[in-house]
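Here the sequence shown is numbered in full-length UniProt numbering, starting from 36 and rising by one per residue.
Glycine included, every Cβ here is placed at the ideal spot set by N, Cα and C.
None of these values were measured; they are calculated from a predicted model.
To start, the structure itself, in structure tokens.
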Amino acid sequence: TGHVTLDVGFVNTAACSSAITYIDGDAGVLRYRGYPIDELAEHASFLETSYLLIYGELPTQDELAAFDERIRRHTLLHEDLTGFFSGFPRDAHPMAVLSSAVSALSTFYQDSLDPFDPEQVEISTVRLLAKVPTIAAYAYKKSIGQPFLYPDNRLDLTENFLRLTFGVPPEPYEPDPAMVRALDMLFVLHADHEQNCSTSTVRLVGSSNANMFASVSAGINALFGPLHGGANEAVLQMLGRIQAEGGDVDAFVRRVKDKEPGVKLMGFGHRVYKNYDPRAAIVKRTADEVLGKLGAQDQLLDIAMRLEEVALADDYFVSRKLYPNVDFYTGLIYKAMGFPPKMFTVLFALGRLPGWIAQWREMINDPATKIGRPRQVYVGETERHVTAIGER
Ligand code: CMC
């Protein structure tokens with residue numbers, strides 16, 4: 036069977052070529068299609084960034100307007116899909132609801148599942164970008180027992196999502212412009228991150244020629260885990276626990292260093308970044324600002340900053356090159372915006388969606404793509420023989 040290399044966790048193995056995202060983990064550099072992440076965060080909207088990732092170039096004014104228009108036309112969910120939400124238990128995790136509903140899109144759009152028909156891929160792209168925010172908001176509404184609102188297509192993607200999430204009829208919902216801008220920027224920061232666990236999942240599922248909805252739904256499930264997107268929810272739980280135990284940051288860091296089972300400094304460390312995560316640097320700057328603007332003082336921010344300070348001065352973290360990652364401060368901002376912790380990873384999914392789509396499309400269009408099929412190193416029994424059940 037030829038030579039097989041063992042690489043648990045794909046630490047050194049590239050599974051594809053990609054022209055979408057560049058990371059230099061040692062220098063703390065992240066670029067989408069060549070553009071530095073901080074420039075995009077400052078100058079480009081989430082919609083522009085989505086266009087950039089998917090089509091390769093920043094849109095002109097006209098291209099953006101056409102893209103926006105196409106997406107706005109598809110924000111509504113089929114009423115039968117809306118009916119799905121009532122079938123889930125009220126305390127269901129919204130990530131599980133999100134992946135289920137995205138998977139169900141394959142049942143509603145059977146006319147557009149061919150991965151090799153560019154028009155079908157295009158309409159699936161637009162449907163995903165438009166409907167996933169609506170699905171995410173409904174997952175939230177379901178969890179708190181409030182009525183679903185229909186999308187208002189006079190609003191842009193991010194405003195619409197905020198209204199669907201926080202709007203309660205009959206009052207008109209007026210999103211705070213600072214909140215809209217901050218959330219939109221956080222989506223930009225999450226929009227792609229090359230071959231992370233969820234994106235690799237999207238590609239692997241897609242490499243069997245499964246459709247885009249099925250592939251993205253699998254990616255959402257991969258993101259759910261606490262070592263990946265679930266970390267933003269886990270960070271807030273960790274900060275809350277430290278606060279409840281009297282705010283002793285040093286004691287918590289000691290437990291992390293002692294490697295107490297299940298105790299990690301959540302929101303720290305990264306497979307690729309061995310330096311400050313450039314996204315975390317932007318989020319940290321934003322956290323203070325946004326919390327100030329929203330008038331939300333949070334003791335947990337203080338605990339987080341002290342935790343970072345203690346960790347960055349400690350040899351355990353320094354020698355392992357463990358720095359805050361994107362998830363360390365995002366939860367505090369989401370909390371200040373009014374989202375419950377269960378929604379944090381859903382917000383990550385909304386941000387990552389254009390990246391998954393762009394990577395899936397790149398994979399399908401790459402003539403070098405083959406079905407993903409890792410090898411293994413077999414360590415089980417050598418050949419043995421079956422005896423009758425009474426003789427075992
Ligand atoms: N707290 C304490 N120790 C850590 C941490 C942490 N957060 N992260 C890594 N280490 C230690 C680890 O125990 C190991 O120590 P040793 O050499 O003594 O065995 C060393 O650092 C190397 O870590 P690793 O587990 O081999 O690194 P990895 O590349 O396999 O894992 C990671 C990367 C992100 C899963 C890990 O750092 C981690 O679990 N972090 C906490 C969860 C988290 O914040 N995840 C979000 C990642 S960023 C955005 C995203 O993808 O969602």
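Helix, strand or coil for Pro-376, going by three-state DSSP, please let me know. For the purposes of this step, residue 376 is taken as the residue at position 341 of the sequence shown. Here Pro-376 sits in helix by DSSP.
Tell me, please, whether the stretch 69–88 touches the stretch 98–116 by the rule of three or more beta-carbon pairs shorter than 8 Å. yes
Tell me, which residues are paired with Asp-59 by DSSP? Taking the first residue of the sequence shown as 1, we reach residue 59 at position 24. Bridge partners of Asp-59: Val-64.
Following a CB-centred definition, is Val-223 positioned closer than 7 Å to any heavy atom of the ligand CMC? Numbered from its first residue, the sequence shown carries residue 223 at position 188. Because no heavy atom of the ligand CMC lies under 7 Å away, the Cβ of Val-223 does not count as near it: no.
Say yes only if the C-beta of His-38 is nearer than 7 Å to one or more non-hydrogen atoms of the ligand CMC, and no if none qualify. Sequence index remark: in the sequence shown, residue 38 carries index 3 (1-based). No; taking the cut-off as 7 Å, the Cβ of His-38 has no heavy atom of the ligand CMC nearer than that.
Can you list the alpha helix (DSSP H) stretches of 4 or more residues lying completely in the stretch 203–234, in chain order? 212–225
DSSP beta-bridge partners of Phe-81: Walking along the sequence shown from the start, residue 81 turns up at place 46. Note: Phe-81 sits in no beta bridge, so no partner.
Pairwise C-alpha distance: Trp-391 and Arg-189: Here the question's residue 189 lines up with position 154 in the sequence shown. Here the question's residue 391 lines up with position 356 in the sequence shown. Cα to Cα, the separation comes out at about 27 Å.
Going straight from the alpha carbon of Leu-218 to that of Thr-193, what length do you get? For the purposes of this step, residue 218 is taken as residue 183 along the sequence shown, with counting starting at 1. For the purposes of this step, residue 193 is taken as residue 158 along the sequence shown, with counting starting at 1. If I take the Cα positions, the gap works out to 7 Å.
Assign Val-414 to buried or exposed, taking buried as 16 or more other Cβ atoms, counted over all protein chains shown, within 10 Å of its Cβ. Against the sequence shown, residue 414 aligns to sequence position 379. Exposed, since its Cβ has fewer than 16 Cβ neighbours within 10 Å.
Thinking C-alpha only, which one of Ser-135, Ala-76, Gly-297 is nearest Ala-257? Taking the sequence shown and counting its residues from 1, the one referred to as residue 257 is at position 222. Out of Ser-135, Ala-76, Gly-297, Ser-135 has the C-alpha closest to the C-alpha of Ala-257.
Can you tell me whether DSSP reads Tyr-413 as helix, strand or coil? Position 378 of the sequence shown holds residue 413. Coil, per DSSP.
Rounded to the nearest angstrom, how far is the Cβ of Leu-326 from that of Leu-367, given a contact under 8 Å? Within the sequence shown, numbered from 1, the residue matching residue 326 stands at position 291. Within the sequence shown, numbered from 1, the residue matching residue 367 stands at position 332. At roughly 7 Å, the Cβ-Cβ gap stays under 8 Å, so Leu-326 and Leu-367 are in contact.
Between Asn-267 and Phe-383, how many whole angstroms is the CB-CB distance? I'm expecting something under 8 Å. Residue mapping note: residue 267 aligns to position 232 of the sequence shown, counting from 1. Residue mapping note: residue 383 aligns to position 348 of the sequence shown, counting from 1. A Cβ-Cβ distance of about 6 Å is found for the pair Asn-267 and Phe-383, placing them in contact under the 8 Å criterion.
For Ala-171 and Leu-133, which I take to be in contact (beta-carbon distance under 8 Å), what is that distance rounded to the nearest angstrom? Here residue 171 refers to the residue found at position 136 when the sequence shown is read from its first residue. Here residue 133 refers to the residue found at position 98 when the sequence shown is read from its first residue. Ala-171 to Leu-133, Cβ: 6 Å. Contact.
Is any heavy atom of the ligand CMC found at a distance shorter than 7 Å from the C-beta of residue 500? Past the boundaries of the shown model lies residue 500; the chain is included only from 36 to 427, so the question cannot be answered.
Would you kindly report the start and end of the unbroken alpha helix (DSSP H) that includes Pro-153? Numbered from its first residue, the sequence shown carries residue 153 at position 118. Looking at the DSSP string, the run of the alpha helix (DSSP H) that includes Pro-153 is 153–179.
Pro-212 to Phe-183, Cα distance in whole Å? As a working mapping, residue 212 is identified with position 177 in the sequence shown. As a working mapping, residue 183 is identified with position 148 in the sequence shown. Roughly 23 Å separates the two Cα atoms.
Give me whichever residues DSSP pairs with Tyr-70 in a beta bridge. Numbered from 1 along the sequence shown, position 35 holds the residue referred to as residue 70. For Tyr-70, which the question treats as bridged, DSSP gives the partners Tyr-67.
Cross-strand partners of Pro-359 (DSSP beta bridge): For the purposes of this step, residue 359 is taken as residue 324 along the sequence shown, with counting starting at 1. BP columns for Pro-359 point to Phe-303.
Enclosing alpha helix (DSSP H) for Lys-319 [first to last residue]: Start at 1 with the first residue of the sequence shown, and residue 319 comes out as number 284. Segment 313–328, the alpha helix (DSSP H) holding Lys-319.
With DSSP run on the structure shown, which of helix, strand or coil describes Ala-348? Residue numbering aside, residue 348 sits at position 313 when the sequence shown is read from its first letter. If DSSP states are grouped into helix, strand and coil, Ala-348 belongs with coil.
CA-to-CA distance, Val-237 to Arg-66, given in whole angstroms: Numbered from its first residue, the sequence shown carries residue 66 at position 31. Numbered from its first residue, the sequence shown carries residue 237 at position 202. Taking the straight line from one Cα to the other gives about 21 Å.
Of all the options Arg-419, Ser-121, Arg-289, Leu-300, which has the alpha carbon lying nearest to the alpha carbon of Pro-359? Within the sequence shown, the letter at position 324 stands for residue 359. For the residues Arg-419, Ser-121, Arg-289, Leu-300, the minimum Cα distance to Pro-359 belongs to Leu-300.
When Arg-162, Arg-387, Met-130 are compared against Tyr-144, the one with the closest alpha-carbon: The count along the sequence shown starts at 1 and reaches residue 144 at position 109. Residue Arg-162 is the option with its Cα nearest to Tyr-144.
Can you tell me whether Ser-243 is helix, strand or coil according to DSSP? By 1-based counting over the sequence shown, the position of residue 243 is 208. Ser-243: coil per DSSP, three-state reduction.
Inter-stretch contact at 8 Å, needing at least 3 Cβ pairs: the stretch 386–405 / the stretch 192–209: no
Identify which residue in Pro-207, Gln-181, Val-240, His-263 has its Cα closest to the Cα of Ser-252. In the sequence shown, the residue the question calls residue 252 occupies position 217. With distances taken between Cα atoms, Ser-252 lies closest to Val-240.
Just to confirm, are Pro-186 and Thr-234 a CB contact at a threshold of 8 Å? Taking the first residue of the sequence shown as 1, we reach residue 186 at position 151. Taking the first residue of the sequence shown as 1, we reach residue 234 at position 199. No. Outside cutoff.
Under a three-way DSSP split, which group does Arg-105 fall into? Taking the first residue of the sequence shown as position 1, residue 105 is located at position 70. Arg-105: helix per DSSP, three-state reduction.
Identify which residue in Val-137, Asp-149, Ala-127, Val-215 has its Cα closest to the Cα of Lys-177. As a first step, residue 177 must be located in the sequence shown, where it is residue number 142. It is Ala-127 whose Cα lies nearest to the Cα of Lys-177.
Using only the alpha-carbon positions, how far apart do Ala-348 and Val-46 sit? Looking up residue 348 in the sequence shown gives position 313. Looking up residue 46 in the sequence shown gives position 11. Those two C-alpha atoms are separated by around 27 Å.
Other residues of its chain near Leu-271: CB distance less than 6 Å, five sequence neighbours each side excluded: Indexing the sequence shown from 1 puts residue 271 at position 236. Gly-366, Pro-376.
Taking Cβ positions, are Leu-342 and Val-284 nearer each other than 8 Å? Translated into positions along the sequence shown, residue 342 becomes position 307. Translated into positions along the sequence shown, residue 284 becomes position 249. Note that the C-beta distance between Leu-342 and Val-284 is below 8 Å.
Buried or exposed for Gly-69, going by 16 or more other Cβ atoms inside 10 Å? Walking along the sequence shown from the start, residue 69 turns up at place 34. It counts as exposed.
Quick one: does the C-beta of His-78 sit closer than 7 Å to a heavy atom of the ligand CMC? As a position in the sequence shown, residue 78 is number 43, starting the count at 1. No, the Cβ of His-78 stays beyond 7 Å of every heavy atom of the ligand CMC.
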